[in-house]
Amino acid sequence: MEKSALQIARAAYQPKLPKGLQGNVSVKEGVPTQSVADQEEIKKLFPNTYGMPLIEFVPGEAQSYAPFNVGVILSGGQAPGGHNVICGLFDGIKRLNPESKLYGFILGPGGLVDHKYMELTADIIDQYRNTGGFDMIGSGRTKLEKEEQFEKGLEIIKELGIKAIVIIGGDDSNTNACVLAEYYAAKKCGVQVIGCPKTIDGDLKNEQIETSFGFDTACKTYAEVIGNIQRDANSARKYWHFIKLMGRSASHIALECALQCQPNVCIVSEEVEAKNQTLDDIVTYIAQVVADRAADGNNFGTVLIPEGLIEFIPAMKALIAELNDLLATPEGAALAKDQQREWILNKLSAANKAVYESLPLGVAAQLTMERDPHGNVQVSLIETEKLLSEMVANKLAAWKKEGKFNGKFSALHHFFGYEGRCAAPSNYDADYCYALGTSAAMLMANGKTGYMAIVKNTTAPAAEWIAGGVPITMMMNMEKRNGEMKPVIKKALVRLDGAPFKEFASRRNQWARETCFVYPGPIQYFGPTEVCDQATKTLQLEQAK
Ligand code: FBP
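Using the UniProt record's numbering, the letters of the sequence shown map in sequence onto residues 1 to 545.
If you want it as structure tokens, here you go:
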């Protein structure tokens with residue numbers, strides 16, 4: 001593999017570790033834990049992995065460990081830093097016993113079920129240190145939830161003499177990791193399962209998990225490009241840029257980019273839902289900002305749109321729910337694409353039909369595209385940025401006739417998602433992920449199962465970070481999924497009473513009218529710590545003392 005000069009220099013970067021993981025490690029256990037809600041039900045479903053204590057790693061005495069084999073799986077969407085989790089894991093188990101082996105299952109959880117794997121040796125690992133992407137072993141979205149899958153997995157686990165599996169994934173994958181841990185514990189198979197918090201969306205976070213890895217790098221990558229666009233907009237002064245940002249559900253990415261770049265508009269889906277706003281309310285708000293700036297002679301600006309928005313607009317949510325039901329019927333599932341629209345219009349309830357008919361044809365068709373394996377609408381494929389700008393253009397045209405708008409409106413569209421998911425990890429993510437991987441190794445070495453590796457206090461210098469583990473059951477509650485109550489890790493949406501949103505809300509009116517753009521520039525890997533090692537604004541605001 002040929003490498004650029006930066007890649008070569010970056011490969012030599014040694015991630016910083018918290019003090020508790022630097023030398024000999026010992027385990028400090030807290031008191032027994034409870035799930036965040038529905039304690040009785042969760043306890044009944046997880047009799048072997050419920051109530052375990054929180055764990056912290058602290059400097060300790062030298063200990064000897066027998067060699068142990070570990071399997072690792074990357075699950076779901078790519079996130080910068082995944083390779084460093086694997087590198088931390090590899091270095092961690094080799095440090096405890098050089099005879100230990102690491103196996104990577106290929107292309108996600110499906111690799112475990114289909115027995116597709118490779119041994120990860122030092123020369124493979126060394127090629128991927130501090131690199132973005134998941135290409136070392138690939139990722140996939142197969143759901144690991146059926147007993148027959150667990151049993152198929154067990155066959156290869158036994159064959160390879162694997163003592164523990166590490167699943168690197170988001171909330172759903174870690175929920176499944178916990179179910180797998182409980183299954184193997186109940187069957188006394190002697191197989192441990194450990195999770196790691198991944199997703200650029202930033203929605204796997206709570207009292208114990210400060211942030212999911214990849215969020216930092218992805219946001220900084222998008223913020224760089226948004227900043228470049230803003231500088232272009234402010235130079236040419238003739239375009240409004242509508243920028244959709246990834247985040248399947250939560251608006252953390254859009255909010256973080258807004259805090260970094262100070263755009264004219266940033267829509268936050270959670271606020272739209274809380275205020276019961278309609279599509280027209282959102283369009284009117286954006287059109288008003290455009291009109292106000294036009295009155296000052298500024299016919300340009302930026303609008304950030306979270307990709308999950310469509311499902312947070314109550315009327316759209318109701319429409320999508322009915323479409324899901326219709327398309328899941330045998331008749332609906334068998335329809336040819338060109339017959340879909342007419343059939344849907346005949347079946348929809350009056351209220352949803354009106355919403356469906358009001359949408360541009362392209363967007364309406366995008367709402368009926370194939371669902372992902374978890375049954376989710378693939379919001380990354382819906383062009384919300386075009387939908388909004390088209391509707392804003394129509395509104396402004398009407399206002400022009402009424403004499404309420406005298407400016408020009410010319411829109412350009414962007415979608416930033418895939419561009420950031422495999423970026424080379426920032427120092428924050430490189431360090432955080434390496435520490436997560438090392439923690440996972442220590443959890444396994446100490447016989448733990450049903451835990452997620454965690455690292456806290458990450459706005460402090462890395463040596464002061466606190467590494468440990470949290471029982472996955474502690475983060476669970478019962479939620480309705482596909483019509484059934486299921487134990488799941490609570491997804492963290494943007495909190496309207498949280499410090500990041502409050503900061504944004506207190507400044508957005510000024511950003512809307514004036515040109516307050518910030519141009520963050522590219523991620524820096526080498527240089528002063530205040531340039532290279534800062535956590536996201538979200539984390540800094542959340543942890544401000
Ligand atoms: P994960 O939750 O699995 O990390 O993935 C999140 C995400 O990056 C979303 O932001 C986006 O909507 C989705 O993946 C896109 O999925 P795909 O990679 O399957 O197109």
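C-beta: ideal position from N, C-alpha, C; glycine also.
If you drop the 5 nearest sequence neighbours on each side, which residues of the same chain put their C-beta closer than 7 Å to that of Gly-469? Your numbering for residue 469 matches position 469 in the sequence shown. The residues are Ile-55, Ser-439, Leu-443, Lys-448, Tyr-451, Met-452, Ala-453 and Ile-454.
Along the alpha helix (DSSP H) that carries Gly-142, what are the first and last residues, could you check? One-based indexing of the sequence shown puts residue 142 at position 142. Before going further, note that residue 142 is Thr rather than Gly in the sequence given. From DSSP, Thr-142 is part of no alpha helix (DSSP H); its letter is neither H nor E.
Own chain partners of Ala-393 with C-beta closer than 8 Å, once the 5 adjacent residues on each side are dropped: Here residue 393 corresponds to residue number 393 of the sequence shown, with the count starting at 1. Phe-409 and Ala-411, listed in sequence order.
Could you compute how far the alpha carbon of Pro-472 sits from the alpha carbon of Val-290? Stepping through the sequence shown from its first residue, residue 472 is reached at position 472. Stepping through the sequence shown from its first residue, residue 290 is reached at position 290. The sequence as given places Ile at residue 472; Pro does not occur at that position. Computed Cα separation, rounded: 46 Å.
Taking 7 Å as the cut-off, is the beta-carbon of Ile-200 closer than that to any non-hydrogen atom of the ligand FBP? Indexing the sequence shown from 1 puts residue 200 at position 200. Yes, the Cβ of Ile-200 comes within 7 Å of a heavy atom of the ligand FBP.
Pull up the distance between the alpha-carbon of Glu-503 and that of Asp-292, whole angstroms please. What you label residue 503 is simply residue 503 of the sequence shown in a count that begins at 1. What you label residue 292 is simply residue 292 of the sequence shown in a count that begins at 1. Straight-line Cα distance between these residues: approximately 23 Å.
The segment 518-533 / the segment 418-436 touching (three or more Cβ pairs under 8 Å): yes
Take Tyr-13 and list the residues in its own chain whose beta-carbon comes closer than 6 Å to its own, dropping the five residues that flank it on each side. To locate residue 13, count along the sequence shown from 1; it is residue 13. Here the set comprises Asn-130.
Where Asn-352 falls, given that 16 or more other Cβ within 10 Å makes a residue buried: As a first step, residue 352 must be located in the sequence shown, where it is residue number 352. Asn-352 should be labelled buried.
With distances taken from CA atoms, which of Met-1, Lys-19, Arg-10 and Ala-5 is nearest Glu-464? Sequence index remark: in the sequence shown, residue 464 carries index 464 (1-based). For the residues Met-1, Lys-19, Arg-10 and Ala-5, the minimum Cα distance to Glu-464 belongs to Lys-19.
Tell whether a beta-carbon distance below 8 Å holds between Gly-308 and Gly-407. For the purposes of this step, residue 308 is taken as the residue at position 308 of the sequence shown. For the purposes of this step, residue 407 is taken as the residue at position 407 of the sequence shown. Contact flag unset, no.
Answer yes or no: do Asp-203 and Lys-491 have a C-beta to C-beta separation smaller than 8 Å? Locating residue 203 in the sequence shown gives position 203, where the first residue counts as 1. Locating residue 491 in the sequence shown gives position 491, where the first residue counts as 1. Yes; because the gap between Cβ atoms is below 8 Å, this pair is in contact.
Short Cβ contact (8 Å threshold) for Gly-420 with Thr-199: Translated into the one-based positions of the sequence shown, residue 420 becomes position 420. Translated into the one-based positions of the sequence shown, residue 199 becomes position 199. It is not a contact, given that the beta carbons lie outside the stated cut-off.
Given the structure, does Asp-135 come close to the ligand FBP, in the sense that its CB is under 7 Å from one of the ligand's heavy atoms? Start at 1 with the first residue of the sequence shown, and residue 135 comes out as number 135. No - the ligand FBP has no heavy atom lying nearer than 7 Å to the Cβ of Asp-135.
Any idea which residues DSSP pairs Cys-266 with across the strands? Here residue 266 is taken as the residue at index 266 of the sequence shown, counted from 1. Beta-bridge pairing links Cys-266 to Leu-304.
Asn-69 versus Val-166, Ala-512, Trp-343 and Val-268, residue with shortest Cα-Cα distance: Stepping through the sequence shown from its first residue, residue 69 is reached at position 69. Checking every option, the nearest Cα to that of Asn-69 belongs to Val-166.
My output table needs one value for Ala-393: the three-state DSSP class, helix, strand or coil. For the purposes of this step, residue 393 is taken as residue 393 along the sequence shown, with counting starting at 1. Ala-393 falls in the helix class under three-state DSSP.
Using DSSP's beta-bridge definition, name the partner residues of Val-72. The residue given as residue 72 occupies position 72 in the sequence shown. For Val-72, which the question treats as bridged, DSSP gives the partners Gly-104 and Val-166.
Cα separation between Ala-218 and Gly-403? Taking the first residue of the sequence shown as 1, we reach residue 218 at position 218. Taking the first residue of the sequence shown as 1, we reach residue 403 at position 403. Cα to Cα, Ala-218 sits roughly 42 Å from Gly-403.
Is the separation between the beta-carbon of Ile-310 and that of Leu-323 shorter than 8 Å? For this step, residue 310 is matched to residue 310 along the sequence shown. For this step, residue 323 is matched to residue 323 along the sequence shown. Their beta carbons are not under 8 Å apart, which means Ile-310 does not touch Leu-323 by this criterion.
Taking 8 Å as the cut-off, does the segment 160-177 touch the segment 70-78 (at least 3 CB pairs, one atom from each stretch)? yes
What residue range does the alpha helix (DSSP H) around Pro-330 cover? What you label residue 330 is simply residue 330 of the sequence shown in a count that begins at 1. Note, Pro-330: alpha helix (DSSP H), 330-334.
Please name the residue in Gln-366, Glu-41, Ile-305 and Gln-277 whose C-alpha comes closest to that of Phe-242. In the sequence shown, the residue the question calls residue 242 occupies position 242. Closest by alpha carbon: Ile-305.
Can you give the Cα-Cα distance for Thr-384 and Gln-230, rounded to whole angstroms? Here residue 384 refers to the residue found at position 384 of the sequence shown. Here residue 230 refers to the residue found at position 230 of the sequence shown. Whole-angstrom Cα-Cα distance: 20 Å.
In chain order, which continuous runs of the beta strand (DSSP E) of length 3 or greater are located wholly inside the segment 9-84? 25-32, 53-59 and 69-74
If you drop the 5 nearest sequence neighbours on each side, which residues of the same chain put their C-beta closer than 7 Å to that of Glu-182? Start at 1 with the first residue of the sequence shown, and residue 182 comes out as number 182. Answer for Glu-182: Phe-46, Asn-48, Thr-49 and Gly-450, listed in chain order.
So is Thr-529 buried or exposed if we call it buried at 16+ other beta carbons inside 10 Å? Working through the sequence shown from its first residue, we reach residue 529 at position 529. Its Cβ having fewer than 16 others within 10 Å, Thr-529 is exposed.
Verify the contact flag: Asp-429, CB atom, against every heavy atom of the ligand GDP, threshold strictly below 7 Å. For the structure depicted, the ligand GDP is absent and the ligand set comprises only the ligand FBP.
Beta strand (DSSP E) segment containing Arg-481, residue limits: As a working note, residue 481 is residue 481 in the sequence shown. Judged by DSSP secondary structure, Arg-481 falls within the beta strand (DSSP E) whose first and last residues are 476-481.
Presumed contact (8 Å Cβ cut-off) between Val-36 and Met-478, rounded CB distance: For the purposes of this step, residue 36 is identified with residue 36 of the sequence shown, where counting begins at 1. For the purposes of this step, residue 478 is identified with residue 478 of the sequence shown, where counting begins at 1. In fact, because the Cβ distance is near 11 Å, the residues do not count as touching under 8 Å.
Tell me which residues share the same chain as Ala-445 and place their Cβ nearer than 6 Å to its Cβ, disregarding the 5 neighbours each side in the sequence. Within the sequence shown, the letter at position 445 stands for residue 445. Tyr-65 and Leu-96.
With a cut-off of 8 Å on the beta carbons, I'd call Val-531 and Gly-227 a contact; round off their distance for me. The residue you call residue 531 lines up with position 531 of the sequence shown. The residue you call residue 227 lines up with position 227 of the sequence shown. Wrong, their Cβ atoms sit about 15 Å apart, outside the cutoff.
Closer than 8 Å is the cut-off here; do at least three beta carbon pairs connect the segment 85-102 with the segment 116-124? yes
Under the rule that 16 or more other beta-carbon atoms within 10 Å means buried, what is Ala-397, buried or exposed? What you label residue 397 is simply residue 397 of the sequence shown in a count that begins at 1. Burial check for Ala-397: the Cβ neighbour count within 10 Å stays below 16, so the residue is exposed.
Backbone secondary structure at Val-470 - three-state DSSP: Residue 470 sits at position 470 when you count from the first residue of the sequence shown. Correct three-state label for Val-470: strand.
If you measure between the beta carbons of Ile-466 and Asn-174, is that distance less than 8 Å? Numbered from 1 along the sequence shown, position 466 holds the residue referred to as residue 466. Numbered from 1 along the sequence shown, position 174 holds the residue referred to as residue 174. No, they are not a contact pair.
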